[in-house]
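Notes for the one structure printed next.
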Amino acid sequence: MFSDRIDLRNKVTKRNFSQGAILAAATLILGASIATPLRAASICASVIESGWAIASTESEAKKRAILWWSSRAGAKGPGYENWDRAQRKRTLCEAYKGKTRCKVTAAPCLPEGRLPDLKPGEKHLEL
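full-length UniProt numbering numbers the first residue of the sequence shown as 1 and each following residue consecutively.
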């Protein structure tokens with residue numbers, strides 16, 4: 001009879017521990033999701049390509065190609081010209097007449113939470 005009580009107590013303790021572990025995990029997951037602020041998605045335009053930039057070194061040709069891309073991306077509106085924020089980046093460099101030429105492509109993106117500038121008479125959608 002005494003051994004039955006010990007066995008019953010072990011079963012209850014194991015069950016309580018399992019339920020406690022599940023409850024703790026659920027609380028941790030729920031707490032993390034509530035504590036994490038929602039991040040605004042970046043708005044990106046369609047992919048833009050620079051022209052071929054030619055220089056004596058590859059690094060200089062890349063810099064020039066990125067400047068060219070930035071100029072084209074900036075035509076989409078303020079904020080799009082930043083290469084570091086761009087998505088789907090590609091760089092192509094090759095030897096060309098004793099020098100190096102490069103061109104870059106990427107989708108320009110606005111900073112998180114920023115909406116594109118509107119044309120006169122346009123309105124942003126209300127969420």
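The beta-carbon is built from N, C-alpha and C at its ideal position, and this holds for glycine as well.
For clarity, every value in this text was computed on a predicted model and none was experimentally measured.
Margin query: Is it buried or exposed, Y96, if we count other Cβ atoms within 10 angstroms and call 16 or more buried?
Written below: Here residue 96 refers to the residue found at position 96 of the sequence shown. Under this definition Y96 is an exposed residue.
* For C109, the three-state DSSP class (helix, strand or coil) -> Within the sequence shown, the letter at position 109 stands for residue 109. Residue state, collapsed to three classes: strand.
Using the three-state DSSP reduction, which class does K62 fall into: helix, strand or coil? Walking along the sequence shown from the start, residue 62 turns up at place 62. Helix, per DSSP.
Between which residues of its own chain and G77 is the CB-CB distance below 6 angstroms, once the five residues before and five after are set aside? Walking along the sequence shown from the start, residue 77 turns up at place 77. Once the five neighbours on either side are set aside, the close Cβ partners of G77 are P116 and D117.
Checklist entry - If you run the structure through DSSP and keep just helix, strand and coil, what is L67? => result To locate residue 67, count along the sequence shown from 1; it is residue 67. L67 falls in the helix class under three-state DSSP.
Quiz item: Between the beta-carbon of T105 and the beta-carbon of A61, is there less than 8 angstroms?
Solution: Here residue 105 refers to the residue found at position 105 when the sequence shown is read from its first residue. Here residue 61 refers to the residue found at position 61 when the sequence shown is read from its first residue. No.
If C44 and P108 are in contact, beta carbons under 8 angstroms, what's the gap, nearest whole angstrom?
The sequence position of residue 44 within the sequence shown is 44, counting from 1. The sequence position of residue 108 within the sequence shown is 108, counting from 1. Indeed they touch by this definition, with Cβ atoms about 7 angstroms apart.
Query raised in the report: Going by alpha carbons, who is nearest to W68 out of C93, S56, R88 and E81?
Result: Residue numbering aside, residue 68 sits at position 68 when the sequence shown is read from its first letter. Among C93, S56, R88 and E81, the Cα nearest to that of W68 belongs to E81.
- Query: Is it the case that the Cβ atoms of R85 and S46 are separated by a distance below 8 angstroms?
  - Reply: Position 85 of the sequence shown, counted from the first residue, corresponds to residue 85. Position 46 of the sequence shown, counted from the first residue, corresponds to residue 46. Taking 8 angstroms as the Cβ cut-off, R85 and S46 do not qualify as a contacting pair.
For A55, collect the residues of the same chain with a Cβ closer than 7 angstroms to its Cβ; drop the 5 residues on either side in sequence, then sort them by chain order.
-> If you number the sequence shown from 1, residue 55 lands on position 55. A61, R64, K99 and T100, listed in sequence order.
Practice item. Using the Cα positions of I66 and R114, report the straight-line distance between them to the nearest angstrom. Key: Translated into positions along the sequence shown, residue 66 becomes position 66. Translated into positions along the sequence shown, residue 114 becomes position 114. Cα to Cα, I66 sits roughly 23 angstroms from R114.
Give the secondary structure of R88 by DSSP, where H, G and I count as helix, E and B as strand, and everything else as coil. Mapped onto the sequence shown, residue 88 falls at position 88. R88 falls in the strand class under three-state DSSP.
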